[in-house]
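Quick note, in numbering that gives the first Met the number 0, the sequence shown goes up one by one and the last residue is 731.
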Amino acid sequence: MTESQVESKAENKPTFCRICEPLCGMIATVEDGRLTALRPDKDHPLSAGFACQKGIAFTEVVNDPDRVTTPLKRTGDGFEPVSWDAALDDIAARLTQIHRRHGSGALAWYMGNPAAFSYSHLFAAMTFAKGIGGDSHFFSSSTQDTSSRLLANQFLYGAPFPVPIPDLVRTDLLIMIGANPVVSHGSFLTAPRVKDRMHDIVKRGGRVVVVDPRRSETAAQFEWLGITPDADAYLLLSILQVLFEEGLVSARARVQADGLDWLREQSAVFTPEHTHGHTGIEPETVRTLARDLAATERAAVYGRLGTCVGRNGTLTTYLLDAVNLVAGNLDVPGGSVFSTLGIPGQKWGSMAMGVSLRRSYRTKRTRIGGLPLVIGAEPAAFMAKEITTPGRRQVRAMFIGAGNPVLSVPNGVELEDALEATDLSVGLDLYVNETTAHCDYVLPVTTMYERDDFAVTFQMFQATPFRQVTDAVVAPRGQARTEWDIIVDLIGRMRVRTPVFVVLRLAARRAARRGRRLSPRSMIDMMIRMADGGDRFGLRRGGLTFRRLAEQHPHGVVVAPNIRTGVLGEVVVYPKGRIRLAHEDIASEITAMSRRAAPDGYPLRVIGMREPRSENSWLHNSPLLMRGKRIQRALMHTEDAAVRRLADGDEVRVRSPYGQIDIELALTDDIVRGTVAIPHGWGHKGTGRWRIANQAGGANVNQLMSSDPADVEALAGMSWLTGVPVQVEPTC
0 MTESQVESKA
10 ENKPTFCRIC
20 EPLCGMIATV
30 EDGRLTALRP
40 DKDHPLSAGF
50 ACQKGIAFTE
60 VVNDPDRVTT
70 PLKRTGDGFE
80 PVSWDAALDD
90 IAARLTQIHR
100 RHGSGALAWY
110 MGNPAAFSYS
120 HLFAAMTFAK
130 GIGGDSHFFS
140 SSTQDTSSRL
150 LANQFLYGAP
160 FPVPIPDLVR
170 TDLLIMIGAN
180 PVVSHGSFLT
190 APRVKDRMHD
200 IVKRGGRVVV
210 VDPRRSETAA
220 QFEWLGITPD
230 ADAYLLLSIL
240 QVLFEEGLVS
250 ARARVQADGL
260 DWLREQSAVF
270 TPEHTHGHTG
280 IEPETVRTLA
290 RDLAATERAA
300 VYGRLGTCVG
310 RNGTLTTYLL
320 DAVNLVAGNL
330 DVPGGSVFST
340 LGIPGQKWGS
350 MAMGVSLRRS
360 YRTKRTRIGG
370 LPLVIGAEPA
380 AFMAKEITTP
390 GRRQVRAMFI
400 GAGNPVLSVP
410 NGVELEDALE
420 ATDLSVGLDL
430 YVNETTAHCD
440 YVLPVTTMYE
450 RDDFAVTFQM
460 FQATPFRQVT
470 DAVVAPRGQA
480 RTEWDIIVDL
490 IGRMRVRTPV
500 FVVLRLAARR
510 AARRGRRLSP
520 RSMIDMMIRM
530 ADGGDRFGLR
540 RGGLTFRRLA
550 EQHPHGVVVA
560 PNIRTGVLGE
570 VVVYPKGRIR
580 LAHEDIASEI
590 TAMSRRAAPD
600 GYPLRVIGMR
610 EPRSENSWLH
620 NSPLLMRGKR
630 IQRALMHTED
640 AAVRRLADGD
650 EVRVRSPYGQ
660 IDIELALTDD
670 IVRGTVAIPH
680 GWGHKGTGRW
690 RIANQAGGAN
700 VNQLMSSDPA
710 DVEALAGMSW
720 LTGVPVQVEP
730 TC
C-alpha cells in the first residue's frame, strides 16, 4: 500500500473537548472508523490551538483495553458479559418489583461530574430520577463542589442560575480565592486559554491576586496572598467592614440591592484586626485590598472550589458576591458579570423555577439529617446512610452515572459496604472502578467522541459568548450506548406507570414508527435557535441552528465580543429585580462560624489540590498521563515538618477525627504554616478493573472527611472537604 493510500483513509474532524469547562477545540484524526489521535484546533476562535495534556490523552480512554464495552453482570465469580436484552430485562423487572413494594422513594440516582458535559446524560438522569416519582432520591457530585454556589445565587437573586463570573477580557483587578485555573482551566467559568487571559490583565497594567493557603501553580505566576485554610469568609467579612467603615460603598449598590444596612450590621465586628487571627492576613493588607476594589473601575472577586467546600461554603460564596456588589463591581464591564443566553422570556422561566426551588428549599428535607435540598439534589455524603437506615424511603435500588463516589465522597468505605446491601445497583460508566465494582450491573456508555453534543450546562458561564456543537466523531466502541438511549430502553421495559414514563414510552413508539430514535436533540436545537445568535425559527436570517453549526461552523462561532452588562433586571427574579441581601440563614451561619472551636489534638488543616495530569479519578488509566513515577504526596511546610522531626520522602500517617491515611510526605515553603495539601481522586486498590490505575494506588484523602450530618454544611448539604483538622505523624 502506498503512503498516499494510507493517508487517504485518515479524516480530520473538528470537535471539542469535554473533560473540563473551557471546552477547547480539538481535531480528531479518524482512520478506518477508529480514533487515532487528538490535537488542538488552531482554527477554534477561542482556544486557538491550545489543549492540555488531558485532552490530548483522551484517545487512550476511547481505545482503552480496560474500558467496559459490553454489559456486565456481577456473579459469584466476578463480572460476566451479558446481552443488552438480558441486562435491561432483569434490571427492569427488579426495578418494577422494588417500585411496587416500596414506592419511588426506594430508588436513587447519583450523577457524577462528567454528566454535566453531556446533554444525553443530563436528560437521561433527570428523566429517570424525577420521572419515576416525587419521592425518589437524586444525589449529585454538585454537593461535592457547586451546590453552595447555586444556593448563594438563590438567596441573592431568587434563582440558582445564572452564575456571576469575572469579566476576564475587560477587568483590571482580579482577586481569585480558592481557585487554581492554571491547572483546572476554570470552574463556573468557561474561558479557553484562561491563563493567557489572566496574563493579559497584567500586560494591560492590571493585577491578579491569588488568595490561597498554597502557592499554587496559578499563585506562582501572579501575586500570592497566603491565607489560613477555610478562613475565606472571615477575609470577605473584613473587606466588607472596611468598605462600610471607610465610606467606600458604591452608589450603584444602593440601586441594585436591598438590605445594605443589614449587611453592614452583620460585618461590623469583623475588623481586619479581629479577623487577623483567623486568616493570618495582616490588617493593612486587608484594608488595601478593600480600597483597591473600590478604587479600581474594573475589578472582580472570583472564588471557586476552595471557597465552596469548607464549613461555611454558602456563606463564603454569598460574601464573594456581596463584596463585588458593595464595591460597585457587579454587572458592570470588567467586573463580576452574568453571561445570559438572551432567550426571549427567559426571565419568566427563571422566575417560575426560582419560586419552585425556593419553596422546595423551605419545605423538603433529607431523610437523614433533615437538611434542605438545593436544586433538588441531596447530599452525596448521605448516600450510604440512606441505603442502610431502615424506614420509609430507604434506598434499595441505586444508579451510579459517570461517577466514582467511593473515592469522592466522605467515608468511601462506608459507601462500599452500603452498596453491597442494596437490592439492585447499576453503574453506567466507562470502567469498572472502585464504586461500580460493587454494582450488580455495569452498563457501557459512550465517550464524548462517540456522541453528538452541545455543552448546555456551560453556556451561562462563558467569558466570551460562544456556540459550538459536534456530531459523533466515531461510532460507539463495542456495544456502548448513550445514557439517554439506555434509559429510554429501560423505561420502555418497566411496568411503572408515572406520567413522565407513560409520555416517554408513547413518544419513543411514535418515533420508532417513523423509523427514528427518540432524542432530546430537538430541545437543544430549540435552545440554540432562540438564544443570542440563533435563527429564531426563521425570523433571523442566517441565524444559528444545531445543524447549521455542525455543517457551516464546525469550529464554533463567537456570538458577541463581550458579555452584556446592565442585565440585573433579566437575572434577578425577585420583585422589582433587586438583589436581596438580608437572609436569616446567612446571619445564622455567621453566628455559628464565630462560635466554632477547633478540636484538641489536631493542630493542622488539610486542603485538597489539583494535579495537571489528573482529573478526579477517571483519567488514571491513561498511559500518557500516568507516565513516569506517579506518586501522590502530602505537602507540608518545612518548619511544620521540622517540629515533628519529619523529612522529605518520609511515610507519614495523616489522622483526622474521622479517619486516617498513610502517604509519602513532600516538604515545601510554598504553603501557609499549619496546612497540609493532599491531591484527591486517589486510593485505587484493585477492586476495579483498570490496571494502570490500580498499579498507581494512592491514598483516598476523603477517608479523612466526615459523613456525619453534623459535619455537612448546613445550608447546601456540601461535603466538608477543606480545612479539616488533622495531625501528621510518622507511620512507625
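Don't be surprised by glycine CBs; every beta carbon is placed ideally from N, CA and C.
Note that this is a predicted model, so its numbers are computed, not measured.
PHE337 - containing beta strand (DSSP E), residue span: Here the question's residue 337 lines up with position 338 in the sequence shown. That run of the beta strand (DSSP E) goes 335 to 337.
Paired residues, beta bridge with ILE164 - DSSP: Taking the first residue of the sequence shown as 1, we reach residue 164 at position 165. Answer is VAL336, bridged to ILE164.
Proximity winner among VAL373, PHE57, LEU87, ARG361, relative to THR69 (alpha-carbon distances): Within the sequence shown, the letter at position 70 stands for residue 69. Ranking the options by Cα distance to THR69, first place goes to LEU87.
Closest residue to THR313 among VAL394, THR142, PHE221 (Cα-Cα distance): Along the sequence shown, one-based indexing puts residue 313 at 314. Looking only at VAL394, THR142, PHE221, the smallest Cα-Cα distance to THR313 is reached by THR142.
Nearest to LYS8 (by Cα), restricted to the options VAL29, GLU20, THR14: Within the sequence shown, residue 8 is the residue found at index 9, counting from 1. When only C-alpha atoms are compared, the closest one is VAL29.
Test item: CB-CB of LEU242 and VAL325 under 9 Å: If you number the sequence shown from 1, residue 242 lands on position 243. If you number the sequence shown from 1, residue 325 lands on position 326. Judged by beta-carbon spacing, VAL325 lies within the 9 Å limit of LEU242, meaning their Cβ atoms are closer than that value.
Identified DSSP bridge partners for TRP108: Translated into the one-based positions of the sequence shown, residue 108 becomes position 109. Answer is PHE137, PHE398, bridged to TRP108.
Whether VAL468 touches ASP484 by CB criterion (9 Å): Along the sequence shown, read from residue 1 onward, the residue named residue 468 stands at position 469. Along the sequence shown, read from residue 1 onward, the residue named residue 484 stands at position 485. Result no, Cβ atoms of VAL468 and ASP484 do not sit closer than 9 Å.
Secondary structure of PHE536, DSSP reduced to three states: Here the question's residue 536 lines up with position 537 in the sequence shown. The answer is coil: DSSP assigns PHE536 none of H, G, I, E or B.
Among VAL207, THR58, LEU603, VAL499, nearest to ALA219 - alpha-carbon criterion: On the sequence shown, residue 219 is found 220 positions in, with the first residue counted as 1. Closest option to ALA219, Cα to Cα, is VAL207.
Ordered list of beta strand (DSSP E) runs contained in the region 56 to 86, each at least 3 residues: 71 to 74, 77 to 80
Separation of MET175 from GLY302, as counted between CA atoms: Counted from its first residue, the sequence shown places residue 302 at position 303. Counted from its first residue, the sequence shown places residue 175 at position 176. Answer to the nearest angstrom: the Cα atoms are 6 Å apart.
Check whether ASP171 and ALA252 have beta carbons under 9 Å apart: Position 172 of the sequence shown, counted from the start, is the residue given in the question as residue 171. Position 253 of the sequence shown, counted from the start, is the residue given in the question as residue 252. Result no, Cβ atoms of ASP171 and ALA252 do not sit closer than 9 Å.
Proximal residues to LEU319 (C-beta, below 6 Å), its chain only, five neighbours per side dropped: The count along the sequence shown starts at 1 and reaches residue 319 at position 320. So the list reads VAL300, GLY302, once near-sequence residues are dropped.
Segment limits, alpha helix (DSSP H) that includes THR637: Taking the first residue of the sequence shown as 1, we reach residue 637 at position 638. For THR637, the enclosing alpha helix (DSSP H) starts and ends at 637 to 642.
Per-residue burial, ARG516 [other beta carbons within 10 Å of its own, 16 or more giving buried]: In the sequence shown, counting from the first residue as 1, residue 516 sits at position 517. ARG516 should be labelled exposed.
MET717 beta carbon less than 9 Å from that of SER147: Within the sequence shown, numbered from 1, the residue matching residue 147 stands at position 148. Within the sequence shown, numbered from 1, the residue matching residue 717 stands at position 718. Yes; because the gap between Cβ atoms is below 9 Å, this pair is in contact.
Range of the contiguous beta strand (DSSP E) that encloses VAL572: Here the question's residue 572 lines up with position 573 in the sequence shown. Taken as a continuous stretch (DSSP letters only), VAL572 belongs to no beta strand (DSSP E), as it is neither H nor E.
Per-residue DSSP class, three states only, for THR189: For the purposes of this step, residue 189 is taken as the residue at position 190 of the sequence shown. THR189 falls in the strand class under three-state DSSP.
Straight-line Cα distance separating GLY333 from PHE221: Mapped onto the sequence shown, residue 221 falls at position 222. Mapped onto the sequence shown, residue 333 falls at position 334. Counting only the Cα atoms, GLY333 lies some 19 Å from PHE221.
Backbone CA spacing between ALA396 and ASN410 [nearest angstrom]: Indexing the sequence shown from 1 puts residue 396 at position 397. Indexing the sequence shown from 1 puts residue 410 at position 411. Using only the alpha carbons, I get a separation of about 20 Å.
Beta-carbon contacts of SER266 that lie in its chain and below 6 Å, excluding the five residues immediately before and after: By one-based count along the sequence shown, residue 266 stands at place 267. Correct list, in chain order: LEU236, LEU239, GLN240.
Entirely enclosed beta strand (DSSP E) segments - the region 171 to 236, minimum 3 residues: 172 to 176, 206 to 211, 222 to 225
Terminal residues of the alpha helix (DSSP H) in which ILE606 lies: Residue mapping note: residue 606 aligns to position 607 of the sequence shown, counting from 1. Counting along the chain, ILE606 falls outside any alpha helix (DSSP H), though it belongs to the beta strand (DSSP E) covering 603 to 608.
Cross-strand partners of GLU588 (DSSP beta bridge): Mapped onto the sequence shown, residue 588 falls at position 589. According to DSSP, which records beta bridges pairwise, GLU588 is partnered with nothing at all.
Given THR727 as reference, the closest of CYS438, ARG652, LEU167 once Cα atoms are compared: Within the sequence shown, the letter at position 728 stands for residue 727. The residue asked about is misnamed: residue 727 is Val in this sequence, not Thr. Each of CYS438, ARG652, LEU167 was checked against the Cα of VAL727, and the nearest Cα belongs to ARG652.
Complete beta strand (DSSP E) runs within the region 320 to 388 (minimum length 3 residues, chain order): 335 to 337
Secondary structure of LYS12, DSSP reduced to three states: Stepping through the sequence shown from its first residue, residue 12 is reached at position 13. It is a strand residue.
Sufficient close CB pairs (3 or more, under 8 Å) joining the region 48 to 58 to the region 423 to 431: no
Local Cβ density within 10 Å of TRP347, reported as buried at 16 or more and exposed below that: As a working note, residue 347 is residue 348 in the sequence shown. By the 10 Å Cβ count, TRP347 comes out exposed.
Boundaries (first-last residue) of the beta strand (DSSP E) holding SER424: Here residue 424 refers to the residue found at position 425 of the sequence shown. Unbroken beta strand (DSSP E) run through SER424: 423 to 428.
ARG310 versus CYS19: straight-line alpha-carbon distance, rounded: Taking the sequence shown and counting its residues from 1, one reaches residue 310 at position 311. Taking the sequence shown and counting its residues from 1, one reaches residue 19 at position 20. Taking the straight line joining both Cα atoms gives about 26 Å.
Where PRO282 sits in the DSSP three-state scheme: Mapped onto the sequence shown, residue 282 falls at position 283. In the structure shown, PRO282 sits in a helix (DSSP, three-state: H, G or I).
Environment of GLN461 [buried if 16+ CB atoms lie within 10 Å]: The residue you call residue 461 lines up with position 462 of the sequence shown. With 16 or more other Cβ atoms within 10 Å, it is buried.
Counterpart residues of PHE465 in DSSP-defined beta bridges: The sequence position of residue 465 within the sequence shown is 466, counting from 1. For PHE465, which the question treats as bridged, DSSP gives the partners VAL557.
Rounded separation between GLY541 and ILE527 - CA only: In the sequence shown, residue 541 corresponds to position 542, counting from 1. In the sequence shown, residue 527 corresponds to position 528, counting from 1. Using only the alpha carbons, I get a separation of about 13 Å.
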